[in-house]
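As structure tokens, the structure follows; a few thoughts come after it.
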Amino acid sequence: MKTPCCLVPIYKEIVPILTTAKFYRNDVYFSLPRYYPGTPATLAVMKNTEIFTTNPLLQPFPNWWINSGRHCDTFQSVHSMEIDRRGIMWVLDGNRVSNITTCPPKLFLLDLRNNEAILDYFEFPEHLSSRSGGFLNDLVIDEADGGYAYITENRNHDPGLIVYSRFRKSCMEIKGSINVC
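One point on numbering: in numbering that gives the first Met the number 0, the residue at position 176 of the sequence shown is 175, and numbering is uninterrupted.
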């Protein structure tokens with residue numbers, strides 16, 4: 000990846016760890032969590048024109064600014080994402096284990112059919128994914144019942160399953176008991 004110097008000042012040439020790859024309309028999207036300082040983009044795309052070239056460059060998706068990690072309303076460390084049949088990318092920005100960020104974990108919904116516009120943005124409360132080891136790991140979308148996301152919270156103590164409702168803009172955690180957020 001080519002990195003503008005002003006957005007990622009601590010860039011180090013490393014091989015980012017790839018955790019998710021999704022294909023949509025001839026493009027391939029990748030999540031590259033920031034397990035190490037200096038990962039330039041945590042969500043990237045390889046355009047269809049690059050797929051069969053040697054050593055294609057990944058482009059930050061949807062842009063460098065949202066990948067900068069400089070503010071809590073930008074991507075901090077995308078670990079997982081899904082693309083539903085309507086072309087909506089559900090982006091789980093929830094890795095807090097590496098202590099690279101103090102920002103709350105988030106779920107972004109991006110419209111891949113309309114210039115990658117952000118359709119929705121949800122911050123998960125502290126009690127569901129704490130600063131001391133919260134790790135929102137995997138994401139599964141259920142479109143049949145009106146837009147639900149099932150997210151595993153793999154914290155080292157008391158893990159659980161978070162259910163997010165897109166239309167209610169709310170979530171709950173399922174474990175021994177149910178916590179509503």
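Don't be surprised by glycine CBs; every beta carbon is placed ideally from N, CA and C.
Runs of the alpha helix (DSSP H) lying entirely within the region 4-91, each at least 4 residues long, are 63-66 in chain order. According to the DSSP secondary-structure assignment, D157 is paired through a beta bridge with no residue.
A Cβ-Cβ distance of about 28 angstroms is found for the pair K46 and F121, leaving them out of contact under the 8 angstroms criterion. Between L118 and M80, the CB-CB gap reaches or exceeds 8 angstroms.
In this structure the region 76-93 touches the region 31-40; the number of beta carbon pairs closer than 8 angstroms is three or more.
Going by DSSP, E172 is part of the beta strand (DSSP E) stretching over 169-173. Taking all protein chains in view, the Cβ of L91 is crowded by 16 or more other Cβ atoms within 10 Å, so the residue is classified as buried. Inclusion of F123 and G146 in the CB contact set at 8 angstroms is not warranted, their separation being larger than that value.
As DSSP reads the structure, S164 sits in a beta bridge with Y147, S169.
At a Cβ-Cβ threshold of 8 angstroms, L127 and Y163 do not count as neighbours. In the three-state scheme derived from DSSP, where H, G and I count as helix and E and B as strand, F107 is classed as strand.
Here T101 is exposed. Its C-beta has fewer than 16 other C-beta atoms within 10 Å. By the neighbour-count criterion, in which 16 or more other beta carbons inside 10 Å mark a residue as buried, G132 falls on the exposed side. The DSSP-derived three-state label of N113 is coil. Rounded to the nearest whole angstrom, the C-alpha separation of F60 and G159 is 29 angstroms.
Straight-line measurement puts the Cα of D137 at about 30 angstroms from the Cα of T53. Straight-line measurement puts the Cα of T48 at about 22 angstroms from the Cα of A116.
A143 is classed as exposed because its beta carbon has fewer than 16 other beta carbons within 10 Å across all chains shown.
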